[in-house]
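Below is one structure, written out as structure tokens; comments come after it.
Protein chains: 2
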Amino acid sequence: MGTVDKALSLLDHFSRAQPEIGLSDMARRSGLNKATTFRLLAALQAQGFVEQIGSGREYRLGPAVLRLAALREAAVPLRDMAATALQSLSDATGETAHLSLLQGDRLSMLSYVYSHRHGTRVMMEDAQILAFHATSSGLAVLAFCPPDMIDRVLQAPLEKRTEDTLTDPAAIRAALDNVHRSGIAESVGGFEKDVHSHAMPLFDAQTRVIGAMAVAAPVARMTPDLKALIRRELRHHATDLTRALGGFCPDNFPVNRDLKD
Amino acid sequence: MGTVDKALSLLDHFSRAQPEIGLSDMARRSGLNKATTFRLLAALQAQGFVEQIGSGREYRLGPAVLRLAALREAAVPLRDMAATALQSLSDATGETAHLSLLQGDRLSMLSYVYSHRHGTRVMMEDAQILAFHATSSGLAVLAFCPPDMIDRVLQAPLEKRTEDTLTDPAAIRAALDNVHRSGIAESVGGFEKDVHSHAMPLFDAQTRVIGAMAVAAPVARMTPDLKALIRRELRHHATDLTRALGGFCPDNFPVNRDLKD
DNA sequence: CCATTCGGTTCATTATGTGAACCAATGGTT
DNA sequence: AACCATTGGTTCACATAATGAACCGAATGG
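Each protein sequence line maps, in turn, to chains A and B. Residues in the first sequence are numbered from 336 upward in steps of one, following this note's numbering. Residues in the second sequence are numbered from 336 upward in steps of one, following this note's numbering.
Printed below as a string of structure tokens:
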């Protein structure tokens with residue numbers, strides 16, 4: 336692995352739960368030598384990607400990322416488009432709609448919109464990393480990834496989030512086949528115990544998968560009617576968004592195959 | 336310069352005017368070898384910091400920065416940053432530093448920090464609403480507001496807080512012109528009789544004004560030296576905070592116009 | 001149809017990053 | 001107060017990993 340990769344991958348250890356990380360801690364998490372970690376952090380700090388709280392204290396993400404994000408948003412108004420698409424999807428289904436983006440080998444949540452139709456709803460966490468095997472979004476994306484990436488993902492340890500999480504590679508591959516056939520991935524309680532979610536992949540101009548759009552509903556509220564509604568709306572909104580982003584569904588994608596599978 | 340620094344500094348070449356940059360172009364701008372540039376961009380791309388538009392096309396900022404920005408936002412609330420910036424500004428000047436935020440058509444104080452250097456100091460009131468025409472913060476913000484908002488503010492009744500408060504719309508517009516030229520607004524006794532304050536606007540990622548940072552000193556203590564110090568420090572701290580918040584000064588902002596730092 | 005671009009690749013050279021060991025400082029335990 | 005286990009940070013001999021001139025094939029375009 337190159338030096339730059341190591342430096343950038345340090346940034347991945349920051350999360351909502353761990354917004355600040357000390358030097359030794361960071362070295363431990365990343366598996367790098369402490370001296371190496373220090374120099375990498377120093378380089379990141381020099382460019383404003385991380386900063387230190389006080390004097391000789393922990394590191395956290397720096398202001399440079401805000402600047403870059405603003406520029407990215409100015410160049411690619413994806414967030415705006417996603418927001419309106421999610422709003423519409425959430426309105427149509429009465430459930431939580433969210434959108435995640437594939438970044439390298441990771442899938443991270445970009446944004447979400449709640450519906451206010453019901454007193455209960457599935458809550459989302461900002462900028463969360465989604466496991467491929469445990470979420471509908473993950474399955475939707477993985478199904479259309481290159482085979483070598485699927486292999487890579489499935490040979491890594493697969494965390495058993497709940498008792499219903501799929502962790503057997505063979506079972507997951509079977510699920511991916513299903514996704515390929517219907518274009519929609521489904522996960523019942525794989526991530527959170529009482530969440531039933533559907534997801535559909537999004538594609539770029541080269542018909543590569545770039546992320547997924549999903550609807551998450553409480554298991555208790557799921558009925559055949561709601562399920563049909565969600566699948567219909569999801570199909571509609573996801574293909575619309577793919578098109579709006581200038582992307583195309585791949586040839587083998589069951590775009591208008593049917594509406595009730 | 337280390338490899339990581341070089342890689343990260345590539346990202347600095349993206350801007351609003353140049354959101355997409357080709358490989359050769361990037362090599363030229365950065366002064367690095369084309370092969371080096373390629374490998375650095377590849378590393379950045381692998382982590383999602385840049386992405387390529389089509390097939391073999393230009394590079395632009397990638398989605399990873401969005402994720403990091405979201406985490407930064409969650410980890411570092413605006414209030415904290417304001418507090419440290421104000422503390423530093425107050426320490427540097429020996430006077431009261433405060434920060435106000437534009438909320439709709441009102442300017443409200445977010446926080447303030449006193450200096451303990453002198454026995455007398457300008458006192459602030461929590462969450463106070465600041466009149467645009469009577470305070471340096473108000474003038475600083477108003478100067479960079481859209482014209483229709485300026486009109487709205489100036490046609491409303493303008494309270495004469497002290498005998499020195501500007502209430503003539505024409506005089507205020509003249510003051511705004513001054514602010515535009517120097518980037519700093521000044522008010523002597525306009526709000527409280529013996530308060531001399533300087534303020535500088537803060538901007539968001541869309542270069543819209545979001546508030547102002549200010550230093551307030553007793554009129555009796557103001558000397559040419561102190562004034563120069565305040566202007567210098569204010570300029571420094573305000574632009575820093577704007578950057579730290581991921582914002583940009585608008586093009587017409589006199590960022591480094593004068594003042595030897 | 002030649003001349004430039006472009007993005008991307010190769011490979012010998014060496015500069016650059018690496019990590020075990022080592023500080024000095026801090027803080028909790030006894 | 002002596003102790004031990006931490007912390008963030010530094011050093012330096014060593015070898016890995018970055019470098020850049022030259023090269024490629026594919027688009028451009030005059």
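Even for Gly, the Cβ is constructed at its ideal location relative to N, Cα and C.
- When C-beta distances to chain B are compared with 8 Å, the residues of the stretch 408 to 421 of chain A below that value are Glu408, Ala409, Ala410, Val411, Leu413, Arg414, in chain order.
- By a beta-carbon distance limit of 8 Å, B/Ala405 does not contact A/Ala399. Their separation comes to about 14 Å.
- For A/Arg364, the uninterrupted alpha helix (DSSP H) segment begins and ends at 358 to 365.
- With its beta carbon at least 7 Å from every one in chain A, B/Ala427 lies outside the interface.
- Listed in chain order, the non-local C-beta contacts of B/Gly383 below 7 Å within the same chain comprise Gly397, Pro398, Ala399, local neighbours out to five positions each way being set aside.
- The beta-carbon separation of A/Gly546 and A/Leu437, rounded to 5 Å, stays under the 8 Å limit for a contact.
- Against chain A, the CB of B/Gly337 has a partner CB under 7 Å away; the residue lies at that interface.
- Sequence-ordered contacts of the stretch 366 to 387 of chain A with chain B read Arg374, Leu375, Ala378, Leu379, Ala381, Gln382, Phe384 [C-beta pairs closer than 8 Å].
- Contacts between A/Asp340 and chain B, judged by CB atoms closer than 8 Å, involve Ala378, Ala381, Gln382 in chain order.
- Proximity of A/Arg578 to chain B, defined by a Cβ-Cβ separation below 7 Å, is not satisfied.
- A/Arg516 has its alpha-carbon roughly 13 Å from the corresponding atom of A/Arg508.
- Under the 10 Å beta carbon count, A/His451 is surrounded by fewer than 16 other beta carbons and is classified as exposed.
- The Cβ of B/Arg496 sits no closer than 7 Å to any Cβ of chain A.
- For A/Met484, the uninterrupted alpha helix (DSSP H) segment begins and ends at 482 to 490.
- Looking only at B/Phe373, B/Leu474, B/Leu465, B/Phe479, the smallest Cα-Cα distance to B/Asp539 is reached by B/Phe479.
- The DSSP assignment places no complete beta strand (DSSP E) segment of no fewer than 3 residues inside the stretch 448 to 474 of chain B.
- In the three-state DSSP reduction, B/Phe373 falls in the helix class (H, G or I).
- Of the residues A/Phe467, A/Ala427, A/His453, A/Pro504, the one whose Cα lies closest to the Cα of A/Arg441 is A/Phe467.
- Relative to the Cα of B/Arg456, the nearest Cα in the group B/Leu358, B/Asp360, B/Val530, B/Thr574 belongs to B/Val530.
- Annotation for A/Val339: the continuous alpha helix (DSSP H) segment containing it runs 338 to 346.
- Under DSSP, B/Gly546 takes part in a beta bridge, and its partners are B/Leu436, B/Leu537.
- Note: A/Arg441 is bridge-paired with A/Gln438 in the DSSP secondary-structure output.
- Relative to B/Ala549, the option among B/Arg556, B/Leu580, B/Leu569 whose CA is nearest is B/Leu569.
- Within the DSSP bridge table, the entry for B/Pro553 names B/Val530 as partners.
- For B/Glu408, no beta strand (DSSP E) segment is defined; the enclosing uninterrupted segment is the alpha helix (DSSP H) at 399 to 410.
- B/Leu474 is the residue among B/Asp512, B/Ser425, B/Leu474 whose C-alpha sits nearest the C-alpha of B/Thr500.
- If you draw a 10 Å sphere on the C-beta of A/Met535, you find 16 or more other C-beta atoms in it, and that means buried.
- Under a 10 Å Cβ-count criterion, A/Glu521 is classified as buried, with 16 or more other Cβ atoms of the shown protein chains found around its own Cβ.
- Residue burial annotation: B/Met444 is buried, with at least 16 other C-beta atoms found within 10 angstroms of its C-beta.
- Residue burial is scored here from C-beta neighbours: B/Ser359 has fewer than 16 other C-beta atoms within 10 angstroms and is therefore classed as exposed.
- Contact with chain A is absent for B/Ala362, since none of that chain's Cβ atoms lies less than 7 Å from the residue's Cβ.
- Among the residues of chain A, those whose CB is under 9 Å from the CB of B/Pro354 are Leu406, Arg407, Ala409, Ala410, Val411, following chain order.
- In the structure shown, the three-state DSSP call for B/Glu355 is strand.
- Contact with chain B is found for A/Leu396, since one of that chain's Cβ atoms lies less than 7 Å from the residue's Cβ.
- Residue contact with chain B for A/Phe349: present (Cβ-Cβ distance below 7 Å to some residue of chain B).
- Taking a cut-off of 8 Å for Cβ pairs, the stretch 414 to 430 of chain A and the stretch 413 to 426 of chain B do not touch, as fewer than three such pairs fall below it.
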